[in-house]
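Chemist:
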Amino acid sequence: MNFMQAVQLLDEGHALERHTWKSSGYIVKDEKGKIVFFDHNEPTFYSLTTEDALASDWEQTSKDQWTIVSVSHDRELMQGKLFVSYHICAENGGSIMNNHLVEADELSQWSRFVNLDLTNSARYLNEQDVATVQNTISA
1 MNFMQAVQLL DEGHALERHT WKSSGYIVKD EKGKIVFFDH NEPTFYSLTT EDALASDWEQ
61 TSKDQWTIVS VSHDRELMQG KLFVSYHICA ENGGSIMNNH LVEADELSQW SRFVNLDLTN
121 SARYLNEQDV ATVQNTISA
């Protein structure tokens, strides 16, 4: 498909790639509507090249699957605040890509770049943590 058709899929929340790219990854839209490149590790600014704009080999692809394998509840000693972080196992095409530690206030942002597998995460978390995750990503 051409880039104009690809943009419609980006607007619908899909991930796209070109097989001619040298680095592995895909593009998605972030919460502000900007197109970003996700290299299976972190999102970076995507700069559209003339070659990408004129290409007709854009393809829809699967986003990385993230499974939350544990939730940490840490209290900061000085402020008495509770900090929650999520330990993530990232997978793409059946291969484990890497592991992440994501703070609670960043989880909803990350969920735009990946598919958060709540069903699989529920195997590792208790019911309260699953409910907290659902509330966090829907906020």
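So for the sequence shown, full-length UniProt numbering puts the first residue at 1; every next one is plus one.
Virtual Cβ for every residue (Gly too), placed ideally from N, Cα, C.
No experiment lies behind these values; they were computed from the predicted model shown.
Check whether the Cβ atoms of S102 and L118 sit closer than 8 angstroms, and answer yes or no.
Modeler: The question names Ser, but residue 102 is Val in the sequence shown. No, Cβ-Cβ distance for V102 and L118 is not below 8 angstroms.
Chemist: Are V69 and D129 close, meaning C-beta to C-beta below 8 angstroms?
Modeler: no
Chemist: Would you give the residue range spanned by the alpha helix (DSSP H) that F37 belongs to?
Modeler: Careful: F37 lies outside any alpha helix (DSSP H), inside the beta strand (DSSP E) at 35-38.
Chemist: Quick check on N92: does DSSP put it in helix, strand or coil?
Modeler: The answer is strand: DSSP assigns N92 an E or B state.
Chemist: According to DSSP, what are the bridge partners of L116?
Modeler: Paired residues: W66.
Chemist: List the endpoints of the continuous beta strand (DSSP E) containing L16.
Modeler: 15-18
Chemist: Looking at C-beta atoms only, is the number of pairs between the segment 49-57 and the segment 103-112 that lie closer than 8 angstroms three or more?
Modeler: Remark: fewer than three beta-carbon pairs, one from each stretch, lie closer than 8 angstroms, so the segment 49-57 and the segment 103-112 are not flagged as touching.
Chemist: DSSP three-state call for S121: helix, strand or coil?
Modeler: helix
Chemist: Apart from the five residues just before and just after D30, which ones in its own chain have a Cβ nearer than 8 angstroms to its Cβ?
Modeler: Around D30: V36, P43, Q109, R112, F113.
Chemist: Taking Cβ to Cβ, would you say S62 is nearer than 8 angstroms to M1?
Modeler: no
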